[in-house]
Amino acid sequence: MNASDNLIVLAVGEIFLKRGNRRRFFAQLRKNAARAVRDLELDVSEIHGRLVVHHREARLDDPAAENPPIPIEAALRRLQWVFGVHSAMPGCQVPSDLRAIEEIAAEYLARRIGSKPLRFRVDTRRPNKSFPMRSVDVNREVGIAMFDRFPNLVLDLHEPELTLHIELGQALSFIYRRRHPMGGGLPVGSSGKVLLLLSGGLDSPVAGYLAQKRGCQVEALYFHSFPYISDHAKEKVKELAALLARGQGAIRLNVAPFTAIQEAIRDKAPNRQYVLLYRRFMLRIAEALAERVEALALVTGEAISQVASQTLQNMRCIEAVTRLPIIRPLVTYDKLEVVDLSRRLEMFEISTRPHDDCCSLFVARHPETKGRVEFLEQIEEGLDVEGLVADALDRIEVFEFR
Ligand code: ATP
Ligand code: MG
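Using our numbering, the letters of the sequence shown correspond one by one to residues 407 to 808.
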C-alpha cells in the first residue's frame, strides 16, 4: 500500500440527470476519457458508480495493491477537454477498512501538510452503502485519528483549508483532497454529429467548441475561394480544426471550392445582395454534405446583429434554403465574450492573424441589412443553383486532424 496519487476520480455532473440514457452517456464518457489519456499509459474504469483514471497496469481488484503513481498534471490537462467531466479529484486507493483508511490517510496527509496550523475536516461519502458505518461516524473516527497524529490540524467544518475526502466502496475506497473543476457539458458523441461551418475568423471555432461541449461530434466545412482568397486562409482554418480535435480525438475538415459560385453571383446579382447569396449557397452545400456524412444539424458562429449579414431579417433569408436545424451557440454573445473565450481556448492568436474573408469578396458598397427571401429567389432564377452546388460538392477536399 502507498499513499501517492495513483488515481483520479471523475465527477460527471449533468449525466446523472439523464436517467434513461445514463448508461449510454456513461459508456461514451468512459470511452472518450480513456482515449484522451491513453498515450500517458492510463486507462479508465468504473468503480462503484465513479469513473476512475489509473495506470493501465494498476490492480483495482486488490484494494491493498501498490499501484504505480500517475502523471497527475498531464492527465488533468487532457481531462479538461473531455466534456462530461465536471471535476477531477486526484487521490489514492485504500481498502474499505477503517484502520487501513486511517493508516493511509495519515501517510497521505504527512506528505502534504507542514507544521503550521491548518483548518481541517474529513468529508466521507458512501455511494453504495455497503460499508457498515455511517459517513458521519467515519468522519469522526478518521478525524480523531488525524488530530491525534497531527497536532497542527484544527477542526473547521465551514472553511477548511484542507479537506480529506473519503469515498467508501465495497472493497475499494478512495481518498483525495482537492477537486479540480473541469470543462463540464456532455460527452462528445452522445448528442450526435453536427456540421460546423468553419471560417478562419473568431466566432465559428468558438461555436464549434460550444457544440462539442454539449455532446456534439463536430465535422467541419470551409468554403475556399482560391485564388481570390489565399491559401494562408485555408492554413488558418486547418490549424483551427486541429485545435478542435482536442475535444473529440479526431476531426474531419471538408474544404469546398467557392470561387465559381462567387463569380457567378458577381456576374448576375445586384452588389447589395452578394453576401446573402453567398451564404445561401454555403448552406445549400452544407445541407447536402450533412446528409452525406450523417450530420443532424448545422452549426455557425453567427450572433444577432454582429455584422450586416446577421440581422434577424438576413438570418431568415439565409436559413430559408435549408430544413436542417441551424445551431448558433454564440447567438446572444457580445463580441468581447467571444474574444474572451477564444483566448482561453488558445484560438485567438490563430483567428486574428490577418486573412481575406470570402464573404467580403467583390462586395463594394453597403450590404443589404433587410433581405427579402422572394427577391433572393428571383435573383437565383438567373443562376444555375443546382449545377453550382453539385459541382462544389463534387470537388470537396477532405483533411483529417488528430
Ligand atoms: P467568423 O468569425 O466565424 O468568421 P463572422 O463574424 O466573420 O464569423 P460572417 O462572415 O457573417 O461572420 O459568417 C457567419 C458564419 O458563417 C461564420 O461564423 C461561419 O460559421 C460561416 N462562414 C462564413 N464564412 C465561411 C467560410 N468561408 N467557410 C465556412 N463557413 C463560413
Ligand atoms: Mg468571418
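Glycine residues also receive a C-beta, built at the ideal position from the N, C-alpha and C atoms.
Cβ of residue i within 9 Å of Cβ of residue j?
i: Met721; j: Ile710; result: yes
i: Leu570; j: Phe537; result: no
i: Leu782; j: Gln679; result: yes
i: Glu625; j: Ile657; result: yes
i: Asp362; j: Ala639; result: Residue 362 cannot be examined here, being either before or after the span of the chain that is shown, 407 to 808.
i: Leu683; j: Glu792; result: no
i: Leu601; j: Ala701; result: yes
i: Ser757; j: Lys642; result: yes
i: Thr728; j: Leu704; result: yes
i: Val744; j: Leu736; result: yes
i: Val544; j: Ile572; result: yes
i: Met588; j: Val488; result: yes
i: Met495; j: Ile414; result: yes
i: Arg585; j: Ala439; result: no
i: Leu699; j: Val769; result: The sequence shown places Val at residue 699, not Leu. Their beta carbons are not under 9 Å apart, which means Val699 does not touch Val769 by this criterion.
i: Val491; j: Gly607; result: no
i: Asn677; j: Arg749; result: no
i: Glu694; j: Val779; result: According to the sequence shown, residue 694 is Ala rather than Glu. Against a cut-off of 9 Å, the Cβ pair of Val779 and Ala694 comes out as no contact.
i: Glu752; j: Leu650; result: no
Quick check on DSSP: helix, strand or coil for residue i?
i: Gln576; result: coil
i: Ile583; result: The sequence shown places Arg at residue 583, rather than the Ile named in the question. Three-state result, Arg583: coil.
i: Leu466; result: coil
i: Ala798; result: helix
i: Pro611; result: helix
i: Val459; result: strand
i: Arg441; result: helix
i: Lys599; result: strand
i: Phe805; result: strand
i: Thr665; result: helix
i: Ile724; result: helix
i: Leu730; result: coil
i: Phe526; result: strand
i: Leu446; result: helix
i: Ile710; result: coil
i: Leu650; result: helix
i: Asn660; result: strand
i: Glu472; result: coil
i: Arg531; result: strand
i: Ala480; result: helix
i: Leu604; result: coil
i: Gly497; result: strand
i: Val418; result: coil
i: Phe791; result: According to the sequence shown, residue 791 is Val rather than Phe. DSSP places Val791 in helix when its eight states are reduced to three.
i: Glu452; result: strand
i: Leu683; result: helix
i: Val594; result: coil
i: Leu853; result: It is not possible to answer for residue 853, since the shown part of the chain is limited to 407 through 808.
Going by C-alpha to C-alpha distance, which of the options sits closest to residue i?
i: Leu616; options: Ala417, Arg808 and Val594; result: Val594
i: Gln486; options: Asp746, Ala675, Ala551 and Gly591; result: Gly591
i: Glu452; options: Asp746, Glu708 and Phe432; result: Phe432
i: Arg583; options: Arg672, Phe687 and Ile519; result: Ile519
i: Ala480; options: Leu446, Ala471 and Arg462; result: Leu446
i: Thr775; options: Leu718, Pro477 and Asp529; result: Leu718
i: Lys599; options: Arg759, Pro633 and Gln654; result: Gln654
i: Ala470; options: Gly788, Ile478, Cys498 and Asn438; result: Cys498
i: Phe350; options: Glu743, Tyr514, Asp790 and Gly490; result: Nothing can be reported for residue 350: it is not among the residues displayed for the chain, which extend from 407 to 808.
i: Cys723; options: Leu466, Pro557, Gly777 and Ser597; result: Gly777
i: Leu563; options: Ala511, Asp529, Leu608 and Gly788; result: Asp529
i: Ala714; options: Gly419, Ile507, Pro587 and Pro773; result: Pro773
i: Glu508; options: Arg555, Arg462, Glu708 and Pro496; result: Arg555
i: Gly788; options: Arg750, Arg428, Leu689 and Arg672; result: Arg672
i: Arg429; options: Leu578, Ser596 and Leu650; result: Ser596
i: Ser579; options: Leu695, Leu504 and Gln434; result: Leu504
i: Arg652; options: Arg685, Pro633, Gln618 and Gln434; result: Gln618
Near residue i, what residues of its chain come up, given a Cβ to Cβ distance below 7 Å and the 5 sequence neighbours on each side ignored?
i: Thr706; result: Leu603, Ser610, Ala613, Ile732 and Arg734
i: Ala666; result: Leu794 and Asp797
i: Pro475; result: Ser410, Asp411 and Asn412
i: Leu559; result: Leu524, Phe526, Met552 and Phe553
i: Arg436; result: Val450, Glu452 and Leu457
i: Ser631; result: Phe664, Thr665, Gln668, Cys764 and Leu767
i: Leu448; result: Val459, His460, His461, Arg462, Ile476 and Ala481
i: Ala696; result: Leu601, Leu704 and Leu730
Leaving out five residues before and five after residue i in sequence, what residues of the same chain have Cβ atoms less than 6 Å from its Cβ?
i: Ala662; result: Phe629, Ile691, Ala798 and Ile802
i: Leu568; result: Leu524 and Phe526
i: Ala512; result: Arg555
Tell me which residues share the same chain as residue i and place their Cβ nearer than 8 Å to its Cβ, disregarding the 5 neighbours each side in the sequence.
i: Arg540; result: Arg532
i: Lys644; result: Leu659, Phe805 and Phe807
i: Gly575; result: Ile453, His454, Ser502, Pro533, Asn534, Ser536 and Phe537
i: Arg484; result: Ala442, Val443 and Leu446
i: Ser636; result: His761 and Asp762
Checklist entry - Can you list the beta strand (DSSP E) stretches of 3 or more residues lying completely in the stretch 609-646, in chain order? => result With a minimum length of 3 residues, the unbroken runs of beta strand (DSSP E) contained wholly in the stretch 609-646 fall at 623-630.
Next on the checklist: At 3 residues or longer, what runs of the beta strand (DSSP E) sit wholly inside the stretch 742-788?
Outcome noted: Qualifying beta strand (DSSP E) stretches: none in this window.
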